[in-house]
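A short worksheet on the structure shown next.
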Amino acid sequence: MRLVVPILTVVAAIVALWYAGSVWMNSQWTLDQAARNKQTLSFTQIVRDTMDQKRPVLPAPHQVAEGLWQGVFGQAVTSKRSLVYHAWITLSATLLGFAIGAGLGVLLAVGIVHNRAMDMSVMPWAIASQTIPILAIAPMIIVVMASIGVTGLFPKAVISAYLSFFPVVVGMVKGFRSPDAMQLDLLRTYSASRAQTFWKLRFPASMPYFFTSLKIAAAAALVGAIVGELPTGAVAGLGARLLSGSYYGQTVMIWSALFMAAIVAAAMVGVIGALQAVTLKRMGMRQ
Amino acid sequence: MIWIAFAFLFWAGAWALNARLANGPAAGTRAVRLIVPSLFGLTLLVMWEAVVRGLNVPQVILPTPTEIAVQISESLPILWVDFVQTFMKGALSGYAIGCAAAVLVAVLIDRSPFLQRGLLPVGNFAAALPIVGTAPILVMWFGFGWQSKSAVVVAMVFFPVLVNAVEGLAASERMQRDLMATYSASYWQTLWKLRLPAAMPFIFNGLKIATTLALIGAIVAEFFGSPIVGMGFRISAEVGRLNLPMVWAEITVAALAGSAFYGIVAMIEKAVTFWHPSQRARG
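Keeping their order, the protein sequence lines are chains D and S. The opening residue of the first sequence carries number 1 in UniProt numbering; numbering runs sequentially from there. The opening residue of the second sequence carries number 1 in UniProt numbering; numbering runs sequentially from there.
As structure tokens, this is what we get:
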């Protein structure tokens, strides 16, 4: 209760602002129409008209909700007009790329923790790469891979993998190093081998960092897949919906695709969060 | 064949040297800390050059580093114009507006615990969303010029900075605030002299995250429509013409700009939060 009321208040305030914004931004069109027909409109008429224009500048929340509902439940999921279909296309590329990127990231982190030369040569680059707008190479990867005959899911997955790779490397190196000197010394007094130290101490200790970096990586992977859909000419996927919406001025379509992307992102982060809660609880770590 | 052999020989040699340096007695010195990663970077470039030449990879798939360097030196004026359009006009203005707005909002909602409890989860949620997707909408609203890019950047940097700033304003300790109260300091005096300085490490954390986001936002927004200038525009246009050296040249500029931007913010952080343990430990 302590949390629910304030959150609902903030959300309600945002929705109210949104309605006010859509009246304000859409009224221009309404007034132009009325002036053309030599009518004068009362305030209520203006408001009513701004609520359901066909191509509003800013669609009202209920229009977006309706577009979202139509897209998710109003069509067969295999239909090209179904948002579930497009979301699945984006999500499958995201998940494939996320799995590849996170897997390679953990492997590289293991290497960095155990090999000093690797640590000193790779780690500065991994950190520096986070300051680089990697997303800029997305169109190039898509087009180049298409020119050698690779299209569809895989090029997008490559971008997602690339984007989710570095946060996982940096997070996992931190996680594998999180046991303090005392704990490492204890394992040395047990004369534990490096592998034993890794599996019994470093790996379990890295779990909180693992899930935190997975959340960042999942969000980055989704953005990568969406941007990866832009240069292919708007075939399928949420990015394609955004692009064709902006070509044809279908604002409701853009907003529904955007909210669908937000739902997908929230679902992925939510699933990882739930896994985190369960895992950490069973491992006896406090959340 | 000779190129490939050379590539692997170079790699083996450089790696052996790196391993020696890293495990040798001088490993902790500053020079080695610089040499080892530079050598690794150089190895990657040499491998790239040699493998691309050895396998005769066509330029439309992967140009060599030397071709990219030649392209950069030939098209400096274009690169500079694009840089000004995307970075100076789009990213920097949006970054300044977005970060200032986020810190202001954080200070404003700081007086109301109710708003804080409501806004923090919403802000955290929004920080994980693919906000870059608002680019087509904002391009529609603000036109093709740099204003729309700036708006996308504002939307992207706002929530990460807000969340960090709110967290930072809560960072001063009870004791310290009580001390201010015994001095009978007003709310604004406490804010100015204690709580804002104490929040600086957190705010700068947000500001550093936002540097990358700003550049990404400005570049991606240009994919949705731009005048015929700008880094994002150039990338998508030259990709269409399969002029890959130019694309790589723009990417190099973007990478340099991103690192420099981050570096400058990190330097300001060092100057502002010199008192913080994380800064003192490094010196």
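Idealized CB from N, CA, C, for every residue including glycine. The structure presented is a predicted model; accordingly, all values stated were derived computationally and were not measured.
When Cβ-Cβ separations below 9 Å define contact, D/W255 makes contact with chain S. Within 10 angstroms of the beta-carbon of D/N26 lie 16 or more other beta-carbons, which makes it buried. Between the alpha carbons of D/E229 and D/K281 lies a gap of roughly 38 Å.
Under the three-state reduction of DSSP, S/Y187 is assigned to helix.
The segment 138-166 of chain D contains no complete beta strand (DSSP E) run of 3 or more residues. Against S/L39, the close residues of chain D are S121, in the order they occur along the chain (beta-carbon pairs closer than 8 Å).
Contact between the segment 173-182 of chain D and the segment 195-213 of chain D is established, with three or more Cβ pairs separated by less than 8 Å.
In chain order, V169 place their CB closer than 6 Å to the CB of D/L108, counting only its own chain and leaving out the 5 sequence neighbours on each side.
Taking all protein chains in view, the Cβ of S/P77 is surrounded by fewer than 16 other Cβ atoms within 10 Å, so the residue is classified as exposed. Within 10 angstroms of the beta-carbon of S/D178 lie fewer than 16 other beta-carbons, which makes it exposed. When Cβ-Cβ separations below 9 Å define contact, S/W188 makes no contact with chain D.
Residues F83, F87, L215 of the same chain have their beta carbon placed closer than 8 Å to that of S/A257, with the five preceding and five following residues left out of the count. The criterion of a C-beta distance shorter than 9 Å is not satisfied by S/A22 and D/D185.
By the rule that beta-carbons nearer than 9 Å mark a contact, S/R33 touches chain D. Under the DSSP assignment, S/I131 falls outside any alpha helix (DSSP H); it carries neither an H nor an E label.
When DSSP states are grouped into helix, strand and coil, S/E173 belongs to the coil group. Within the model, the alpha-carbon separation for D/G273 versus D/G101 is close to 19 Å. For S/F233, the enclosing alpha helix (DSSP H) covers residues 231-240. Not flagged as an interface residue toward chain S: D/I100, since no C-beta distance is shorter than 9 Å. The DSSP-derived three-state label of D/G101 is helix. Cβ-Cβ separation between D/P231 and S/V239: approximately 7 Å, consistent with a contact (criterion under 8 Å). The alpha-carbon separation between D/V144 and D/S160 amounts to approximately 16 Å. By the C-beta density criterion, S/G206 is buried, having at least 16 other C-beta atoms within 10 angstroms. Along the segment 126-158 of chain D, going in chain order, the ones with a CB nearer than 7 Å to a CB of chain S are A128, Q130, T131, I132, P133, L135, A136, I137, P139, M140, V143, V144, S147, I148. Within chain S, no residue has its CB atom less than 7 Å from the CB of D/R55, the nearest being about 10 Å off.
Annotation: S/P245 to S/V60 spans about 8 Å, alpha carbon to alpha carbon.
Under the three-state reduction of DSSP, D/L91 is assigned to helix.
By the neighbour-count criterion, in which a residue is buried when 16 or more other Cβ atoms sit within 10 angstroms of its Cβ, D/T251 is buried. The beta carbon of D/A117 falls within 9 Å of a beta carbon belonging to chain S, placing the residue at that interface. A contact is defined here as three or more CB-CB pairs under 8 Å, and the segment 180-194 of chain S fails this definition with respect to the segment 98-106 of chain S.
Across the segment 5-39 of chain D, CB contacts with chain S closer than 9 Å involve V5, P6, I7, L8, T9, V10, V11, A13, I14, M25, in sequence order along the chain. The alpha-carbon separation between D/R48 and S/A151 amounts to approximately 29 Å. Inter-segment contact for the segment 209-223 of chain D and the segment 26-35 of chain D is absent: fewer than three beta-carbon pairs are separated by less than 8 Å. Contact between the segment 110-128 of chain D and the segment 219-228 of chain S is absent, with fewer than three C-beta pairs closer than 8 Å. Nearest neighbour of S/G41 by Cα position, chosen from D/S129, D/M140, D/Y248, D/S79, turns out to be D/S129.
Per the coordinates, the alpha-carbon of S/S236 lies some 15 Å from the alpha-carbon of S/F144.
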